[in-house]
DNA sequence: GATGAATGAGCTTTCATTCAT
DNA sequence: CATGAATGAAAGCTCATTCAT
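So, in structure tokens, the structure goes:
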């Protein structure tokens with residue numbers, strides 16, 4: 003297997019330094035995310051994370067200086083995923099779409115991120131619970147999430163004053179948090195329905211500010 | 003110190019048990035609520051509750067089998083307060099009022115309960131965080147809160163199917179949680195504004211279901 | 003002793019609040035001191051202290067906020083013991099005595115304190131090792147120890163400039179540490195002999211500064 | 003695994019093992035010494051040593067069975083350095099010099115060793131702290147240090163009985179430890195002054211035994 | 001041999017809960 | 001019943017040491 007000098011038979015040799023570490027880091031973050039879904043914020047312990055990740059507690063602390071750092075990195079990953087997903091959904095032309103369409107895209111994007119990255123909802127909603135220094139990571143995450151939407155609305159509706167827009171964004175953010183937070187206890191059908199309701203509610207709300215001329 | 007049994011010759015120092023117990027229980031619950039506001043869910047310890055209540059930790063455990071039970075009883079108290087407050091606000095004739103008025107009354111009622119009973123928001127929103135077994139108490143609390151509104155809507159809009167009504171109620175419940183959850187970090191002016199926005203958003207949403215004839 | 007209400011049969015009942023606590027604190031401090039002698043600074047753990055004191059780790063932390071506090075309190079006790087012992091030895095008339103007598107009294111006092119309060123030497127010498135926050139306590143202890151001697155020398159030899167006196171005091175302090183530090187590994191006879199040598203050495207040294215007229 | 007014989011075709015890459023090993027060992031020891039000065043005994047970790055030495059922790063354990071062994075080897079090096087330095091200072095003719103001169107030479111020699119080999123003072127003074135098994139190495143070191151002085155005194159003052167001489171040597175050893183141990187926290191000027199005081203004190207002390215005829 | 005990721009015993013500290021008084 | 005000292009499981013984190021590559 004080591005076969006250090008000549009052949010490298012199966013193309014598998016040497017997934018050394020970097021790669022193995024990355025895998026461990028990934029498995030730790032994944033474990034943290036899953037545990038967040040399974041046991042919640044309060045019961046999330048570093049030992050449990052390590053165990054679920056199939057590592058030792060020592061390894062966890064080789065990669066992360068402390069528990070908060072694990073959550074911060076998790077939030078980083080979420081931010082990336084959010085950027086990617088929302089960036090894809092909010093293609094350029096979306097600027098032309100109605101606020102309702104924008105809301106739909108946004109909610110679907112958030113949903114998709116949650117589906118792909120377990121634990122997302124906990125960090126997205128953690129600002130209020132703000133335990134153990136997840137607060138900062140959580141706020142950054144929120145900024146990352148709301149930023150793109152802010153830009154689009156700003157361009158699409160330059161007449162709406164910034165203050166107004168900001169207020170609406172907060173409402174969107176908070177409302178979608180609630181949706182995510184409570185989805186956990188609901189069966190899929192109900193989740194889908196609730197998602198529809200949130201879209202409807204936010205749509206009506208935004209329309210009242212951003213498309214008054216349509217009335 | 004009191005030598006309550008052996009000596010107390012004349013039996014005059016009645017000092018009715020029940021009442022003292024009730025007072026203790028009340029002070030424990032009050033302390034728990036206040037601490038919830040002051041230090042948050044994560045930092046809430048039974049010893050701190052007892053101390054703030056002016057009792058001993060031993061007494062606390064005389065009345066409550068464990069920490070979760072304290073929170074459960076706290077939620078009970080909130081339920082009572084909610085019933086009283088909403089019952090007062092939703093007097094009979096309110097059945098005639100518009101959905102927007104109903105929403106306003108409801109939101110104001112929730113605000114009032116929070117103002118009067120510190121800690122309320124934590125248990126009302128605890129369903130998602132569901133730490134330390136507050137989950138069940140929290141769900142009951144939610145049922146108690148939404149029940150009166152359900153009744154009123156049911157009477158006022160008998161044509162709207164029950165399923166539909168239920169969905170709307172969930173939306174109202176979740177959305178009002180948003181308001182409470184984030185209020186702590188906001189200055190009073192912003193709180194007032196956000197309250198207005200929530201009313202607006204919920205009003206528009208409910209109107210779309212419950213007052214279609216007005217369109 | 004407390005005799006709270008009427009009889010107090012055996013005189014043993016209710017050694018409550020304060021007293022029991024004091025005993026625990028005392029046993030914890032005693033255990034810490036003994037462990038210091040037995041295993042040294044590096045191997046001194048809070049768990050070991052609690053175990054040796056016959057308590058639980060929880061109790062230790064009921065009385066002391068952290069490990070450093072245990073050492074600080076230990077140093078406090080040493081300071082008191084030092085004051086008492088040196089105060090007794092340095093009675094007023096000692097001001098008239100020769101420097102050699104003063105040195106003898108001082109060294110004997112230090113020895114006595116060490117004999118009575120195990121662990122003393124570790125904290126007296128900890129300034130250099132200065133692990134885990136014992137540094138401060140250690141420095142205070144040194145000030146307490148050297149203070150009385152400083153006063154006496156100042157009064158007895160007002161002509162010797164302060165700087166000079168200070169330097170000599172440092173030398174005395176450090177040299178007496180030597181004695182303590184190494185005594186542990188020596189048999190009693192050797193210890194006694196070494197003590198005599200230290201007295202001789204310090205006596206000669208001090209005489210050269212404080213009693214030049216005798217030459 | 004390394005296929006040391008089969009491949010290495012031309013035998014040119016000799017790279018003498020021994021030497022490389024020696025270099026590694028040397029760098030590890032040097033790193034350990036420097037770290038001792040920088041962070042002290044308590045904070046000295048094997049990983050830090052390896053890192054500072056520019057090796058891996060694995061290599062460190064290839065050469066040393068455990069942490070204590072590193073310190074033991076460090077002490078060995080110190081012994082060699084001490085022998086060399088004191089041997090040079092105490093040339094034959096010094097036998098004629100006064101005890102005061104001998105003390106001066108000795109103290110200066112110790113100072114020099116400390117200057118050249120960082121960490122020296124920690125191991126020279128470690129006998130009392132005796133952490134992590136440095137005790138034995140420390141004692142050997144002390145014997146090595148005091149040996150030459152013993153020889154010189156024995157030859158120069160054959161009339162002084164051996165017991166007497168031994169006692170004096172211990173006093174010299176211990177007193178010079180103190181000097182070194184405390185030097186770290188002092189500014190250079192104070193260090194120089196203290197060194198002078200130690201010389202004076204030890205000189206007076208030794209003179210009282212070794213040069214009675216001079217009186 | 002060299003590397004450094006991995007390991008896990010052990011340390012400090014917290015807090016829900018018990019129990020002697 | 002009231003009290004609060006006592007308990008100890010468990011959490012976060014460190015570091016000497018091992019072992020696969």
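Protein chains in written order, with this note's numbering: chain R, 3 to 217; chain U, 3 to 217; chain X, 3 to 217; chain Y, 3 to 217.
All residues carry an ideal CB built from backbone N, CA and C; glycine is no exception.
Item	Value
Is the distance from the Cβ of residue 201(X) to the Cβ of residue 109(X) below 8 Å?	yes
The alpha helix (DSSP H) that contains residue 85(X), what's its start and end?	69–91
Could you tell me whether the region 71–89 of chain X touches the region 148–162 of chain X, where touching means 3 or more Cβ pairs closer than 8 Å?	yes
Identify which residue in 184(R), 55(R), 191(R) and 21(R) has its Cα closest to the Cα of residue 126(R).	184(R)
Go ahead and pull the three-state DSSP assignment for residue 35(X).	helix
Of the choices 140(R), 212(R) and 79(R), whose alpha-carbon is the least far from that of residue 164(R)?	212(R)
Contact defined as beta carbons within less than 8 Å: I believe residue 47(U) pairs with residue 62(U). What is the distance between those atoms, to the nearest angstrom?	No, residue 47(U) and residue 62(U) are not in contact; Cβ-Cβ is about 11 Å, not under 8 Å.
Leaving out the 5 sequence neighbours to the left and right, which residues in its chain are closer than 7 Å to residue 50(Y) when beta-carbon positions are compared?	37
The alpha helix (DSSP H) that contains residue 48(Y), what's its start and end?	48–55
Leaving out the 5 sequence neighbours to the left and right, which residues in its chain are closer than 6 Å to residue 107(R) when beta-carbon positions are compared?	91
Could you confirm whether any beta carbon from chain X is found closer than 8 Å to the beta carbon of residue 176(Y)?	yes
Report the neighbours of residue 210(R) on chain U: residues whose CB is nearer than 8 Å to its CB, in chain order.	202 and 206
What did DSSP end up calling residue 43(Y) once you bin it into helix, strand or coil?	coil
Going by C-alpha distance, which of 147(Y), 122(Y), 166(Y) and 120(Y) is nearest residue 192(X)?	166(Y)
Could you check whether the Cβ of residue 195(X) sits closer than 8 Å to any Cβ belonging to chain Y?	yes
Could you tell me whether the Cβ of residue 199(Y) comes closer than 8 Å to any Cβ of chain X?	yes
Do residue 65(U) and residue 26(U) have their C-beta atoms within less than 8 Å of each other?	yes
Within a Cβ cutoff of 7 Å, which residues of the same chain sit near residue 139(R), ignoring the five residues on either side of it in sequence?	73, 74, 77 and 125
So, with DSSP's three-state summary, where would you put residue 119(R)?	coil
Is it buried or exposed, residue 179(X), if we count other Cβ atoms within 10 angstroms and call 16 or more buried?	buried
What residues of chain U sit near residue 148(R), judged by a beta carbon separation below 7 Å?	Neighbours of residue 148(R) on chain U: none; closest Cβ ~14 Å, over 7 Å.
Closest Cβ-Cβ distance between residue 179(X) and chain Y: below 8 Å?	yes
Taking only runs of the alpha helix (DSSP H) that begin and end inside the region 153–192 of chain X, which ones reach a length of at least 4 residues, in chain order?	164–185
Less than 8 Å between CB atoms is the rule here; does residue 162(X) satisfy it with respect to chain Y?	no
Is residue 169(X) close to chain Y, meaning its C-beta is less than 8 Å from at least one C-beta of that chain?	yes
Whole angstroms are fine: how far does the CA of residue 22(R) sit from the CA of residue 170(U)?	50 Å
Find out if the Cβ-Cβ distance for the pair residue 203(R), residue 203(U) is shorter than 8 Å.	yes
By the 10 Å Cβ neighbour count, where 16 or more other Cβ atoms means buried, how is residue 81(Y) classified, buried or exposed?	buried
Quick one: give me the first and last residue of the alpha helix (DSSP H) that residue 66(R) is part of.	First-last for residue 66(R): undefined, no H or E at that position.
Just the C-alpha distance for residue 117(U) and residue 29(U), rounded to the nearest angstrom, thanks.	17 Å
Please report the Cβ distance between residue 206(Y) and residue 159(X), rounded to the nearest whole angstrom; I am assuming they are in contact, meaning their Cβ atoms lie under 8 Å.	At roughly 18 Å, the Cβ-Cβ gap does not stay under 8 Å, so residue 206(Y) and residue 159(X) are not in contact.
Distance, Cα to Cα, residue 84(R) vs residue 45(X)?	50 Å
Here's a check: name, in chain order, each residue in its chain whose Cβ is nearer than 6 Å to the Cβ of residue 155(X), leaving out the five neighbours to either side.	167
How is residue 28(X) classed by DSSP in three states: helix, strand or coil?	helix
Give the C-beta separation of residue 182(R) and residue 102(R) to the nearest angstrom, bearing in mind that I take them to be a contact with Cβ-Cβ under 8 Å.	Wrong, their Cβ atoms sit about 20 Å apart, outside the cutoff.
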